[in-house]
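Report on one structure; see the data block that follows.
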Amino acid sequence: MNTGSKPDISRTKSAELYEKSKTYFPGGVNSPVRAFKSVYGTPLFIEKGDGCYIWDADGNQFIDFCGSWGPLILGHNHPKIREKVTEVMQNGMSFGAPTALENELAELIIKNNRFVEKIRFTSSGTEAVMSAIRLARGFTGRDKILKFEGCYHGHSDSLLVKAGSGLVTFGETSSAGVPKSFAEETIVIPLNDKTAIEQAFTQFKDQIAAVIIEGIPANNGLIIQDEEYIKFLRKICTDHGSLLIFDEVITGFRVGFEGAAAHYDITPDIVTYGKIIGGGLPVGMYGASAEIMAHISPDGGVYQAGTLSGNPVAMAAGIATLTELNKSGFYKDLNAKAQEFVASIQRFATARNYKFKVFTIGSIFWFAFTDKDKIQSADDIDAGSMEKFKIMHRELLNRGIYLGPSGYEVGFVSSAHTKIELEKAKRAIFEALDL
Ligand code: PLP
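For the sequence shown, counting from 1, position 21 maps to 22 in the working numbering; every step adds exactly one.
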């Protein structure tokens, strides 16, 4: 039943805060997508979060499916994380010296993850990936990196590049301030295209240090690759002495404790994590075999450091989070709940013949206004359909549902979403689709 558009929620206080923030920060924000440029209205200034709910400065309450862009797999303000962080903070917040907490988090990761023997903590996903690239170059003695169009790996210079036209291209920078010569070390090809990668290896024989891919590409919609294609990547890297880097900043500890690598049963040479391992505090990490990691300073010649790397408060949040995730049945329950949620949305849309697909894996979902059954490369996405997302986003906010403010962003279900909230969200989504 078409219930019509809902009146807009009040954004008076958010609007006031935004006016002020614009005097302090470019675009009023400290990370661009927060500025709501791709959706309607003023960005909402969030005041608090608890469980699967967030509240903005005007007192509006939302069921949150953004989860701080992925880290909050346990929901907001989880008591176990809050208690551990509060306990650790009583002893001081940073020493710039080793602490037992780093060992504790490392042990949780390494003992339960077959893909890393040694790791290094950083303070963000960007730093983790940037360092992994440097390690790959240092290890192989080669300079070029191959990445895929539609994969995001943070904002370091060599990765802020996108493809031009043609099968194999050198990257064009996607940001002012990135020297052309840096971008020239980055080869960009489309996802899901074997010929393009074969051609790249023919053309740049013995020059490619690493192929980097998001474990499951989730930054430009959710572009799920076939296992066979990922296995092909593994083989071509091995055949050419190039390293395969899985950027699991989103998928790590999200699709399972061992991320996309375990999902595909593929062993990457280097893995990067972020988001969830910090439980909402700033942490990133890269890891590999002991042999590869021996190249990192002070053991080896690849320099990488950080004033706040391994910060005790952030480690505490990570320990509390991963301890919960490591409990038997955690992912089975979360993924089953999320899959039931998205399946019923898809059933609703299909029954009404709407041009709408929910692409999903584990507790990640992406709403796409398309009738394609598969989206496997950036080119498969119809940019024009984003107008429909824009309307849906506003209608959902007006019904108390918070999605990331762009149609290219995925959503996340957390363990804090109960059947009650998922039912409520479903009803709101049905209404928005019916408009
Ligand atoms: N890699 C992937 C796959 C990401 O999704 C992100 C951020 O969204 C990053 C790297 C960069 O992480 P951060 O924003 O913590 O620097």
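No residue lacks a Cβ here, since even glycine has one placed at the ideal position from N, Cα and C.
Sequence-distant partners of D240 (beyond 5 residues in either direction) whose C-beta falls short of 6 Å from its own C-beta are missing from its chain. Rounded to the nearest whole angstrom, the CA to CA distance from Y287 to L436 is 45 Å.
The continuous beta strand (DSSP E) containing Q62 extends over residues Q62 to D65. In this structure, DSSP gives G126 a helical state, which the three-state scheme calls helix. The beta carbon of S329 sits no closer than 6 Å to any heavy atom of the ligand PLP. DSSP places D57 inside the beta strand (DSSP E), whose first and last residues are Y54 to D57. When the five nearest sequence neighbours on each side are left out, the beta carbons in the same chain lying within less than 8 Å of the beta carbon of A201 are those of L147, V169, I188, I190 and I209, in order along the chain.
DSSP places R428 in the helix class (H, G or I) of the three-state scheme.
Fewer than three pairs of CB atoms, one per stretch, sit closer than 8 Å, so the segment 250 to 261 makes no contact with the segment 45 to 64. Note on geometry: alpha-carbon atoms of G155 and A262 lie some 20 Å from one another.
Around the beta carbon of M316, 16 or more other beta carbons lie within 10 angstroms, which makes this residue buried. Closest option to V343, judged by alpha-carbon separation, among G301, V411 and L75: V411. When secondary structure is reduced to three states using DSSP, T24 falls in the helix class.
In the three-state reduction of the DSSP assignment, A211 falls in the strand class, which pools E and B. Looking at the DSSP output, H77 shares a beta bridge with G52. Ranking R353, N336 and K23 by CA distance to the CA of S416 puts N336 first.
Around the beta carbon of P44, 16 or more other beta carbons sit within 10 angstroms, so the residue counts as buried. The C-alpha of W367 is placed about 6 Å away from the C-alpha of T361.
Collapsing the DSSP output to three states places G408 in coil. DSSP, read as helix, strand or coil, puts T252 in coil. Contact between the segment 25 to 39 and the segment 367 to 381 is not established, with fewer than three Cβ pairs separated by less than 8 Å. When only Cα atoms are considered, L223 and Y403 end up about 18 Å apart. In the DSSP annotation of this structure, the continuous segment of the alpha helix (DSSP H) that includes A339 starts and ends at F331 to A352.
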